[in-house]
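To start, the structure under review is shown below, and the notes come after it.
Number of protein chains: 4
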Amino acid sequence: MRAAIIGATGYGGAELVRILHSHPKCEVVSVHSSSQSGIEYKNSYMHTQDRTPFVLESIDAYEIAKKADIVFMATPAGISSKLTPEMVDAGLKVIDLSGDLRIKNLQDYEKWYKKAAAPKSVVEEAVYGLSEWSKESVRTAKVVANPGCYPTATLLGIVPLVNKDLIKLSTLIIDAKSAVSGAGRSPSEVTHFPEMNDNFRIYKVNQHQHIPEIEQMLTSWSEEKTPISFNTHLVPMTRGIMATMYAQLKNAENSESIHDLYNEIYEDSPFVRIRPLGTFPSTKEVYGSNFCDIGLSYDERTNRVIVVSVIDNLMKGAAGQAVQNLNIMMGIEETTGLDFIPVYP
Amino acid sequence: MRAAIIGATGYGGAELVRILHSHPKCEVVSVHSSSQSGIEYKNSYMHTQDRTPFVLESIDAYEIAKKADIVFMATPAGISSKLTPEMVDAGLKVIDLSGDLRIKNLQDYEKWYKKAAAPKSVVEEAVYGLSEWSKESVRTAKVVANPGCYPTATLLGIVPLVNKDLIKLSTLIIDAKSAVSGAGRSPSEVTHFPEMNDNFRIYKVNQHQHIPEIEQMLTSWSEEKTPISFNTHLVPMTRGIMATMYAQLKNAENSESIHDLYNEIYEDSPFVRIRPLGTFPSTKEVYGSNFCDIGLSYDERTNRVIVVSVIDNLMKGAAGQAVQNLNIMMGIEETTGLDFIPVYP
Amino acid sequence: MRAAIIGATGYGGAELVRILHSHPKCEVVSVHSSSQSGIEYKNSYMHTQDRTPFVLESIDAYEIAKKADIVFMATPAGISSKLTPEMVDAGLKVIDLSGDLRIKNLQDYEKWYKKAAAPKSVVEEAVYGLSEWSKESVRTAKVVANPGCYPTATLLGIVPLVNKDLIKLSTLIIDAKSAVSGAGRSPSEVTHFPEMNDNFRIYKVNQHQHIPEIEQMLTSWSEEKTPISFNTHLVPMTRGIMATMYAQLKNAENSESIHDLYNEIYEDSPFVRIRPLGTFPSTKEVYGSNFCDIGLSYDERTNRVIVVSVIDNLMKGAAGQAVQNLNIMMGIEETTGLDFIPVYP
Amino acid sequence: MRAAIIGATGYGGAELVRILHSHPKCEVVSVHSSSQSGIEYKNSYMHTQDRTPFVLESIDAYEIAKKADIVFMATPAGISSKLTPEMVDAGLKVIDLSGDLRIKNLQDYEKWYKKAAAPKSVVEEAVYGLSEWSKESVRTAKVVANPGCYPTATLLGIVPLVNKDLIKLSTLIIDAKSAVSGAGRSPSEVTHFPEMNDNFRIYKVNQHQHIPEIEQMLTSWSEEKTPISFNTHLVPMTRGIMATMYAQLKNAENSESIHDLYNEIYEDSPFVRIRPLGTFPSTKEVYGSNFCDIGLSYDERTNRVIVVSVIDNLMKGAAGQAVQNLNIMMGIEETTGLDFIPVYP
């Protein structure tokens, strides 16, 4: 498989370059940037010196289609909605890491993203690529909408309970925490080191654009349709997301039975690791890897279950899952090129 | 006022030394340690060199009472329960920064702390010193149980809603995040720099010993008696706590009216700052100071209010509030010696 | 004393606001910004909410002179060179925290700063305010050029040896490390949290604009005039500078005699603390304070002395020393309003 | 090749587990610990869950030799000196990551390490494995003394100048900075998060045990035998070392010619990357990889060259270089299993 990367100067694009460098079945043939074409890639990312021969190229779907079979769109919101139709026309498969093709209800997209939605036909064609739960449809997809970082951590953690109809969905509260690389590479006052170091912030209270994505997907596993509380914080660290989730159970349960359920559901999912009962994952334990680690506990006092899910936001939350989807599309072992042990400490 | 500090080699004790160094009305006359008596204080804390003449002394209530009027107990759980009766007998006032005198129900203390409780009479005499809400009783107290760091952030943030009976208490979820200094000065694998740096952890899931403290105090403002969900995380930073709180309202409200309520309730509280509507505090904005900063928002979609409360865990969460209580006991302006602008950035 | 602060939205200006808030003899009467006049100060710095009534004002020397006695210039390079003459004309005293008035040789200024120099008369009038070594001239100064952060750490550490003619100045190597707040408040890719966190950089190799400042001052204590090696690194922390200095001795010495010399020289300097022999300071031990802590050792194997000097770059390296100079100019105790114990941990 | 890892619960051992997990030609057959035998490996390192089937075993050379061809000693100082003779006797090859076999002069070892030296015969047999400079002798070695982290960064950076006799060795000053993982996994007050975060320390001034290692190796490329100044600092980060090196040149040079020299010398070294002139590496640019990145500049003003060398202390400074040496011993491509692009950001 030959791949092109659009938006290679962002963190998602750089992570694709890193992973695909050692992928045995997929070669990067070109990297693209709308603003920096003609510039050597290593000028953007000195850590790739001597390993990436790339010069950034401008974006022309038909030129790309001459050399590549698939494109990764690692672009900010509002770009893929315009470019993907051209890529598809040119005969390319597309894996879109942005949010542009995830929301099936175009009004919802426009309300939460405050941008014009992609054409209806493209959005309808796009398969939501939460690898563990959408394997069949990803396998044959031409366009994959790669899930957002927060929705990936959230859904992998909570879908087993939703799918089995064990929780009252209206009581679901997701308190999420992200590393700062989730904010992208553009500097700002919020991400300025002296302001973010030794600091902990909450942001976009009740307004994060991943809310409609999570709600849409929950309804695909549940009859109940209800708004949920989802809030996000910035942690002074580079990589990692933790979603701490609380929900009331329909019937009293015990931790063991829920734990068994998770182990069973994810038995054949090589990237989901269920922690032994009584222990919980921390973000560093998945650093640089494609794992999603999950811990859970049932609290008798409150009849609530707590589920804790961690990922590396740039890996399972972006580039890693994109390559996992690529592997599924190629019909090869889904761990190909991704079977790293996390970088610890 | 002449004060002695027991447990001066811990972080709470060191913070008392720092604050009282520039307090105009209270002088530290001695610092004490059970394990390091005879050693110069600066050997424990080189940052105090040339500013603290202290040599650590052993702990003898009657000797202390010869020089001091009041003792601060900045000791781990299980110490004050034994020492406070002696201190009171010797005629000393006590401000206890540990959890030993906070829980009125002795069985609850023993269940959550897994230690023997203090004598019933001492616990009953102790006034819970959440300064903003207990001013009258602190003023005349002989023994003050200084609130825990998490309960301080939580209660200052949520009590206005509880007190006005606006929320369904059974829906209250408190997702709390703390800096690592909250774990004290003893090194451990969890707090080892390479393991904690660039990491985010959850700990003591559903088992934190501050749960009974919060529940006990909530019942003092509410008729409803119900277990609440309270969970705690470690943030890779040195100081600061954020409590993110979610609760369903009994009746639909709007953000403005709730915001007005908070402004009104804390109008005369110099250390509580309500953020302008639409903005939320981050922990660094109270670093090194005695402030508790609060932001809030009402979410129509879910009929939930979210309240965000931040403090410096060593200041308003420990030594700062202890000195604030001292000021109240002395009948002087409660900001005396505490009117720092936070250290930012 | 009534003071105005120019450039109050930068970190140096914010630190002046913080310190002067609790200074008993100097009141801030106005804060100024060329770009944000008319805006409430708390909008720039929420940590000052409820403690600073200020609205940012534009900069007009004659208007300022109606209300203030002295101005602090906390401006980037190239501003004070233009504004200070006006301030002096308007009858104001000036303490300039920028580099504009420090370099007596105007060509050197223009070469290293790549900006037009201030008028010769103003530069000549300006007294270099390294408080411990320039007390007499600061006392009567109208214009003080407040030293740079790196030169302060460097000179306080090495001048005793230079002054006593103990080292070969040509062998002096200063390897300096700074926290990121030294780069100011403007965000950039270098200071973007995900790039700076868990990272250590070297920058401006052999080209830092503090080189001519250090060399100029060394010649004021030494007959030898020689270029020195001075290099700077960025540490992933918010505050603090360490200068590690190496020099060959003219004659063999021992650590004890050098240590005695330092203790003697700084005996009456309340902000310089000499560490006990065998121990060395770390930056956190001066965090938020005006101290300069110094450790040293003589290495027989190489006949080199190593001197380690640490400061808080925003305090002794900027605003703290500026206020110390203010105190000296006012003829009051130089620790007034500055006698903080460092914030530790 | 079948490998055993002794000391697998330390950071060096864990990094070997991580790398060898995806090494195509070397399989880990057992992991050993003197104190934790019988315990599942994932209990020490949850990040390896589901990827390491290992149970820690006790250390018995003859048992190990039944299953393995080579052992990695990732043990603290003082262990390998005792175990390596047994391993060699049992017919095993040894790559020792500790300092025990590096110092040829046994008195020097005992003086700097304050431990009993290994038997003379073993030390003599051990080949110092600085891969780029010792390839021939490593290829046929039975015992490899894997270089220390600081000596690796230092020697790769400075040997080209020493080897070509361009610098006055007596003027060489190495100012080194390390991440905290270099201190190992045992918690201590120095590495306690609240004390190390936002802090910068100097330690072991003039007394670091890597001094004799560096001096010994320099004399293997130089006729000049002279003590050098080498000092070490702790940076608040998890991984990475920077060595900043200063030396006076024998003759005036220019940056270009020195830069050309480095490019030429390291032309065939896949893990050494010379930065373009005018740019310098930072530690994050080699994070998680086996690279050593080098930048340099000649300063006309002082006739000094400055060389800056960065590595990941756990990779090129320990486990990565050990595997590189393994590859060389096996006669396969030296990048096998090591060709990672660094994890950035």
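Residue numbers (this note's numbering), protein chains in the order written: chain A, 18 to 362; chain B, 18 to 362; chain C, 18 to 362; chain D, 18 to 362. C-beta: ideal position from N, C-alpha, C; glycine also.
Check                                                                                                                            : Outcome
Unbroken alpha helix (DSSP H) run spanning Lys83 (chain C), endpoints                                                            : 78 to 84
Within-7 Å CB hit, Met63 (chain B) to chain C                                                                                    : yes
Chain-ordered residues of the region 40 to 60 of chain C with a beta carbon less than 8 Å from chain B                           : none
Nearest-angstrom beta carbon gap, Ile219 (chain D) and Asn330 (chain D) [assumed within contact, 8 Å]                            : With a Cβ gap of about 17 Å, Asn330 (chain D) and Ile219 (chain D) do not count as contacting.
Contact with chain D by Tyr283 (chain A), beta-carbon distance below 7 Å                                                         : no
Gln224 (chain C), buried or exposed, once every other Cβ within 10 Å from all chains shown has been counted against 16           : exposed
Residue span of the alpha helix (DSSP H) that contains Lys333 (chain A), given as start and end                                  : From DSSP, Lys333 (chain A) is part of no alpha helix (DSSP H); its letter is neither H nor E.
Simplified DSSP assignment, three categories, for Ile275 (chain D)                                                               : helix
Neighbourhood of Glu74 (chain A) by C-beta distance below 6 Å, restricted to the same chain and skipping five residues each side : Ser47, His49, Ser54
Contact with chain A by His276 (chain C), beta-carbon distance below 7 Å                                                         : no
Sub-7 Å separation of Lys194 (chain A) and Val289 (chain A) beta-carbons                                                         : no
Residues that Thr255 (chain A) contacts on chain D, provided the C-beta gap is smaller than 8 Å                                  : Pro362
Check whether Ala162 (chain B) and Leu123 (chain B) have beta carbons under 7 Å apart                                            : no
Reference Gln341 (chain A); option with closest CA among A:Leu189, A:Ser148, A:Lys301, A:Glu57                                   : A:Ser148
Contact residues within the region 215 to 245 of chain A, judged by C-beta distance below 9 Å to chain B                         : Asp215, Asn216, Phe217, Arg218, Ile219, Tyr220, Val222, Asn223, Ile228, Thr243, Pro244, Ile245
Spatial distance of Glu273 (chain C) from Val72 (chain B) (CA atoms)                                                             : 25 Å
Supposed close pair Pro362 (chain C), Pro211 (chain D) - CB separation, criterion 8 Å                                            : 4 Å
Residues that Ile190 (chain D) contacts on chain C, provided the C-beta gap is smaller than 7 Å                                  : Ile190, Tyr263
Residue range of the unbroken alpha helix (DSSP H) whose run includes Ser246 (chain A)                                           : Note, Ser246 (chain A): premise wrong, no alpha helix (DSSP H); beta strand (DSSP E) at 246 to 251.
Distance between beta carbons of Pro168 (chain B) and Met234 (chain B), contact taken as under 8 Å                               : 7 Å
Cβ of His38 (chain B) within 7 Å of any chain C Cβ                                                                               : yes
CA-to-CA distance, Leu37 (chain C) to Met18 (chain C), given in whole angstroms                                                  : 11 Å
CB contact flag (Thr300 (chain C), Phe217 (chain D), <7 Å)                                                                       : yes
Best match in A:Trp150, A:Arg292, A:Ser286, A:Val45 for proximity to Trp238 (chain A) [C-alpha to C-alpha]                       : A:Trp150
Beta carbon proximity, Ser195 (chain A) to chain C, threshold 7 Å                                                                : no
7 Å Cβ cut-off: residues of chain C touching Pro359 (chain B)                                                                    : His64
Chain A within 7 Å of Ser154 (chain B), Cβ atoms only                                                                            : no
Contacting positions in the region 308 to 327 of chain B - beta carbon closer than 7 Å to chain F                                : Annotation note: the requested chain F is absent from the structure, which comprises protein chains A, B, C and D.
Min CB distance Glu206 (chain B) to chain D below 7 Å                                                                            : yes
N- and C-terminal bounds of the alpha helix (DSSP H) containing Gln124 (chain C)                                                 : 123 to 130
Classification of Asn214 (chain A) by the beta-carbon crowding that lies within 10 angstroms, buried from 16 upward              : buried
DSSP beta-bridge partners of Gly95 (chain B)                                                                                     : Answer is none; Gly95 (chain B) lacks a bridge partner.
Sub-7 Å separation of Phe357 (chain D) and Ser306 (chain D) beta-carbons                                                         : yes
Pair within 7 Å by beta-carbon distance, Pro164 (chain D) and Tyr279 (chain D)                                                   : no
Bounding residues of the beta strand (DSSP E) (the contiguous stretch that carries Lys194 (chain A))                             : 190 to 195
Cutoff 8 Å; reference Thr255 (chain A); Cβ partners in own chain excluding five residues on either side                          : Ala196, Val197, Ser198
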